[in-house]
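The structure appears below as structure tokens.
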Amino acid sequence: MLKSANNYNSSWLVNAIKIGLFASLFMPLIVNGSFIFPYIFPKQAFFQIVVEIIFALYLWLAFKDPAYRPRSSWLFRALLAYFVVMILSSVFGVNTYHSFWSNYERMAGVISLGHYLGFLFVAVNIFKTQKDWHLFFDVSIFASVAEAFFGLGQLAGIFSSSGGVRIDGTIGNASFLAGYMLINAFFAFWLMLEKKQTGWRIFYAGVIFLNLLIMYQTETRGAVLGLVAALMALLIILMFSSKKALAQWPGGIRLDRIKLYGGIFLAAIVLSAGLLRIYRDSTFVQNHATLARVAHITLKEATVQTRLLAWKMSLKGLAERPIFGWGPENYYVVFNKYYDPQLYPVESWFDRAHNAYLDILVNTGLIGFAAYLAMVAMALWYLWLAWRQERIQHYTAVIFTVILIAYAIQNFFVFDTQVTLLMIYSILAFIVFLSLAPASNPVGRPNRPNSFFVILVAAALLFFLYFINIKPGLASITGIKAMQTLQSGKVDEAIAQFKTAYDIETFGLPEVAMRTQDTAVGLALNNKVPPEIKNKIADLAIDGMNRALALEPLNVRFMMMLSTVYFSVAAPGNSYLAEADMLLQKALELSPTREELYFYIGQVRMFQGRGDEALAVFKKAVELNDKVTLSHWNYGVIAIGMGQKDLGAKEIKIARDLDHTFGPADIKQLINAYNRTNDLPRIIQLYQEWIDLSPNGAEPYAGLAGAYAQVGDKLKARDSALRAAALDPGYKDQAEEFVKGLGK
Numbered sequence: 030m031l032k033s034a035n036n037y038n039s040s041w042l043v044n045a046i047k048i049g050l051f052a053s054l055f056m057p058l059i060v061n062g063s064f065i066f067p068y069i070f071p072k073q074a075f076f077q078i079v080v081e082i083i084f085a086l087y088l089w090l091a092f093k094d095p096a097y098r099p100r101s102s103w104l105f106r107a108l109l110a111y112f113v114v115m116i117l118s119s120v121f122g123v124n125t126y127h128s129f130w131s132n133y134e135r136m137a138g139v140i141s142l143g144h145y146l147g148f149l150f151v152a153v154n155i156f157k158t159q160k161d162w163h164l165f166f167d168v169s170i171f172a173s174v175a176e177a178f179f180g181l182g183q184l185a186g187i188f189s190s191s192g193g194v195r196i197d198g199t200i201g202n203a204s205f206l207a208g209y210m211l212i213n214a215f216f217a218f219w220l221m222l223e224k225k226q227t228g229w230r231i232f233y234a235g236v237i238f239l240n241l242l243i244m245y246q247t248e249t250r251g252a253v254l255g256l257v258a259a260l261m262a263l264l265i266i267l268m269f270s271s272k273k274a275l276a277q278w279p280g281g282i283r284l285d286r287i288k289l290y291g292g293i294f295l296a297a298i299v300l301s302a303g304l305l306r307i308y309r310d311s312t313f314v315q316n317h318a319t320l321a322r323v324a325h326i327t328l329k330e331a332t333v334q335t336r337l338l339a340w341k342m343s344l345k346g347l348a349e350r351p352i353f354g355w356g357p358e359n360y361y362v363v364f365n366k367y368y369d370p371q372l373y374p375v376e377s378w379f380d381r382a383h384n385a386y387l388d389i390l391v392n393t394g395l396i397g398f399a400a401y402l403a404m405v406a407m408a409l410w411y412l413w414l415a416w417r418q419e420r421i422q423h424y425t426a427v428i429f430t431v432i433l434i435a436y437a438i439q440n441f442f443v444f445d446t447q448v449t450l451l452m453i454y455s456i457l458a459f460i461v462f463l464s465l466a467p468a469s470n471p472v473g474r475p476n477r478p479n480s481f482f483v484i485l486v487a488a489a490l491l492f493f494l495y496f497i498n499i500k501p502g503l504a505s506i507t508g509i510k511a512m513q514t515l516q517s518g519k520v521d522e523a524i525a526q527f528k529t530a531y532d533i534e535t536f537g538l539p540e541v542a543m544r545t546q547d548t549a550v551g552l553a554l555n556n557k558v559p560p561e562i563k564n565k566i567a568d569l570a571i572d573g574m575n576r577a578l579a580l581e582p583l584n585v586r587f588m589m590m591l592s593t594v595y596f597s598v599a600a601p602g603n604s605y606l607a608e609a610d611m612l613l614q615k616a617l618e619l620s621p622t623r624e625e626l627y628f629y630i631g632q633v634r635m636f637q638g639r640g641d642e643a644l645a646v647f648k649k650a651v652e653l654n655d656k657v658t659l660s661h662w663n664y665g666v667i668a669i670g671m672g673q674k675d676l677g678a679k680e681i682k683i684a685r686d687l688d689h690t691f692g693p694a695d696i697k698q699l700i701n702a703y704n705r706t707n708d709l710p711r712i713i714q715l716y717q718e719w720i721d722l723s724p725n726g727a728e729p730y731a732g733l734a735g736a737y738a739q740v741g742d743k744l745k746a747r748d749s750a751l752r753a754a755a756l757d758p759g760y761k762d763q764a765e766e767f768v769k770g771l772g773k
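Counting the sequence shown from 1 gives a position; the working numbering is that position plus 29.
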């Protein structure tokens with residue numbers, strides 16, 4: 030390390046900053062159920078708080094000590110340029126606020142991403158030696174080991190998984206866990222070559238095995254393909270390396286042998302891939318979920334099809350705004366505008382292209398993508414330049430190149446999140462460090478502590494801590510508490526808490542409002558809840574969703590959610606139905622090919638008594654995608670209710686042929702439709718089908734009794750009513766009154 034030119038001791042500041050940098054690497058382990066999106070927001074908030082603190086400390090250190098003042102390189106300038114392009118894309122995009130702040134679910138707005146750049150900046154200017162970087166990556170490896178043990182706990186059933194059968198660790202997503210494990214396995218491989226001690230090498234070998242085991246158990250195809258591509262790239266690079274370069278590897282590698290064994294291994298990979306494809310339906314492959322998922326990758330697979338459709342929509346969005354794009358975090362606007370009806374009902378809401386490169390193109394345009402490619406290309410160039418300058422060994426350049434290749438491959442199938450960003454910015458920090466000119470004696474005058482400067486930095490730190498982290502955190506915690514209070518039956522107290530969360534006024538407000546909306550719609554369907562409580566919660570949800578729309582006025586999903594609340598409390602004495610109609614029409618302008626909107630609008634038309642228009646709306650939904658069972662079902666039900674029974678029966682048959690469910694709820698829907706035309710024979714038939722499905726249910730017998738009474742079959746009406754009472758004593762009084770009313 031360079032000798033400090035400052036008379037004042039800077040070591041405690043340096044150590045404090047290093048501890049902060051090391052602590053940030055434990056971000057993947059942070060989970061807290063007290064927050065909305067417990068796997069996302071707490072991680073990012075923790076990371077941001079740490080970065081803000083160490084950045085403030087670094088400013089103080091750099092002010093005092095010339096040895097730690099910022100240095101730069103073309104690679105760092107490229108990173109900075111990419112960040113500037115993101116800011117410009119946000120300013121010229123369709124929702125600057127959302128681009129800067131994002132939401133609890135993603136936490137990937139410009140403000141959050143700026144913290145990764147700050148993290149890199151501090152690391153580059155604090156770590157001065159090989160020992161520093163070894164320790165940095167060691168800490169990352171130790172964090173990954175802790176993550177791996179948690180994953181083993183999930184495999185053993187000790188810990189539950191939020192992702193169902195696939196393990197997801199404390200990251201909460203199997204794909205992102207896989208990427209994290211893969212990158213740290215390569216870190217361990219590098220350090221195993223860097224350190225000569227046998228004990229360390231055994232430890233790193235164990236880490237590699239453990240991390241790859243967890244990666245495999247996540248059943249993530251992108252990570253597996255990334256690993257295979259990385260290994261192939263590693264072999265190809267070695268096969269075309271010079272004898273001098275190969276001699277730098279521990280133990281030395283003979284060029285003739287690497288060409289022979291490398292060629293054999295590459296052939297084995299290709300052969301294994303072919304055999305896996307040929308025997309994809311074998312018992313062995315089917316008994317290994319990861320192999321089965323990899324073996325069954327086809328263009329016809331539902332997941333692949335949805336991705337391809339999303340990518341096609343992304344290119345349309347790029348064509349519309351090619352220069353600076355739509356702005357970070359605004360992909361959902363493109364998804365809605367160019368929504369492909371073939372996506373329904375598999376995928377209805379994307380806020381990512383599920384391809385990192387298309388995300389960059391859509392969000393920041395061609396300029397942003399060019400800046401991104403320049404940044405990556407420059408990173409690789411400086412990495413290999415450092416080897417040519419003999420600042421690093423050949424294996425260091427190779428391994429970090431291979432990591433970037435694996436990351437690049439996986440990014441064709443996923444998008445960046447906190448954990449992958451942390452890893453990539455750690456790698457970029459190391460390469461930026463290598464891109465800097467060799468350190469020389471510090472130039473500049475040391476400064477004595479300046480009270481004004483310290484106060485200014487401290488004030489800025491407190492400002493950022495509160496408005497970027499604490500304030501959104503309070504809104505999230507308050508929203509969760511409100512949900513818990515409501516579940517305990519304290520309605521008024523819960524409403525007050527929800528309003529408090531709203532009034533904090535942060536980017537997290539929409540997420541809180543969405544929870545009140547979900548609650549309001551659920552309560553509206555519950556006949557046991559008093560109307561006054563339903564109305565209070567509905568008013569709360571309406572207020573929240575309107576505020577959410579003020580922040581994201583192009584969010585079709587918010588419009589649909591608000592319309593469902595309006596619809597649930599609509600009555601002859603209020604204007605909610607009209608407001609739902611207006612909102613849905615606006616949503617239709619923003620997403621004209623979304624089937625769900627036609628379902629909603631059709632319902633509104635029915636309640637408005639505009640049956641012919643409703644029928645036309647549901648027909649349009651069928652025309653958008655005639656493979657959607659719900660479209661045919663809705664069209665059929667409405668047609669029956671409008672008296673077009675042949676058309677209705679035809680559409681219902683198509684829906685059932687397409688595997689639409691036919692349970693009690695579906696039968697009730699049809700009964701209500703036939704009731705509109707008083708088709709009693711068909712109603713009786715449907716009740717009998719319902720009884721066949723639920724022979725011990727009282728409700729269909731009670732309904733059947735009424736239908737028989739209407740056709741004048743008193744005997745069957747009496748038997749059905751008594752049967753309902755026998756199955757459910759709650760029907761006894763009604764049945765007795767009903768039978769008396771039948772007479773003799």
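Virtual Cβ for every residue (Gly too), placed ideally from N, Cα, C.
From a predicted model like this one, the values you see are computed outputs, not experimental measurements.
Chain-order list of residues whose beta-carbon lies under 8 angstroms from that of A85 (same chain, five-residue window excluded)
V486, A487, A489 and L490
Would you mind working out which of Y245, N213 and Y133 sits nearest I428, comparing C-alpha positions?
N213
For A599 and T332, what's the separation of their Cα atoms in angstroms?
38 angstroms
So, helix, strand or coil for Q546, using DSSP?
helix
How many angstroms separate the CA atom of H423 from the CA atom of G182?
38 angstroms
What is the DSSP secondary structure of K225, counted as helix, strand or coil?
coil
Check whether Y97 and S39 have beta carbons under 9 angstroms apart:
yes
Compare the C-alpha of R381 against each of R420, A403 and K341 and name the closest.
K341
Decide yes or no for the touch test of the region 129 to 149 against the region 349 to 361: beta carbon pairs closer than 8 angstroms, at least 3 of them.
yes
Apart from the five residues on each side of it in sequence, which residues of its chain come closer than 8 angstroms, Cβ to Cβ, to H661?
V651, D655, E680, I681, I683, A684, L687 and H689
C-alpha gap between L184 and I196, whole angstroms
7 angstroms
Among L264, G281, G280 and N316, which one has its Cα closest to the Cα of F294?
L264
Could you tell me whether any Cβ in chain B is nearer than 9 angstroms to the Cβ of L109?
No chain B is part of this structure, which consists of one protein chain only.
Less than 8 angstroms between the CB atoms is what I'm expecting for Y361 and N584, so what's the real figure, rounded?
7 angstroms
Assuming L851 and N365 form a contact by the criterion Cβ under 8 angstroms, report the distance between their Cβ atoms to the nearest whole angstrom.
For residue 851 there is no data in the structure shown, the boundaries of the chain being 30 and 773.
Can you give me the Cβ contacts of K565 inside the same chain, cut-off strictly under 7 angstroms, excluding the 5 residues immediately before and after it?
V520 and I524
For the pair the region 163 to 172 and the region 51 to 58, tell me if three or more CB-CB distances fall below 8 angstroms.
yes
DSSP three-state assignment for W378, whether helix, strand or coil
coil
Three or more beta-carbon pairs under 8 angstroms between the region 689 to 698 and the region 718 to 736, yes or no?
yes
What is the DSSP secondary structure of V19, counted as helix, strand or coil?
Because the chain spans 30 through 773 in this model, residue 19 falls outside it and cannot be assessed.
Mapping DSSP to helix, strand and coil, what is I460?
helix
Cβ contact (3+ pairs, closer than 8 angstroms) linking the region 665 to 676 and the region 635 to 646
yes
Going by the beta-carbon positions, is the gap between S173 and N240 smaller than 9 angstroms?
yes
Helix, strand or coil for W130, going by three-state DSSP, please let me know.
helix
Which residues in the same chain as E765 place their Cβ atom closer than 8 angstroms to its Cβ, once the five residues preceding and following it in sequence are excluded?
A754
Alpha carbon to alpha carbon, what distance is there between Y308 and M404?
42 angstroms
Taking the C-alpha atoms as reference points, what is the distance between F238 and T249?
17 angstroms
Indicate the three-state DSSP secondary structure (helix, strand or coil) for K329 in the structure shown.
coil
Could you tell me whether the region 585 to 592 touches the region 600 to 612, where touching means 3 or more Cβ pairs closer than 8 angstroms?
yes
Candidates A408, R417 and G397, of which the one nearest L347 by Cα
G397
Leaving out five residues before and five after Y368 in sequence, what residues of the same chain have Cβ atoms less than 6 angstroms from its Cβ?
S620, T622 and R623
Could you say which of F112, M268, L756 and W103 lies nearest to T408 if we only look at CA atoms?
The question names Thr, but residue 408 is Ala in the sequence shown. Of the listed residues, the one whose Cα sits closest to A408 is W103.
Is the region 440 to 447 touching the region 250 to 269, taking contact as three or more C-beta pairs under 8 angstroms?
yes
Cβ contact (3+ pairs, closer than 8 angstroms) linking the region 497 to 505 and the region 544 to 558:
no
When the Cα atoms are used, what is the spatial distance from Y629 to F66?
28 angstroms
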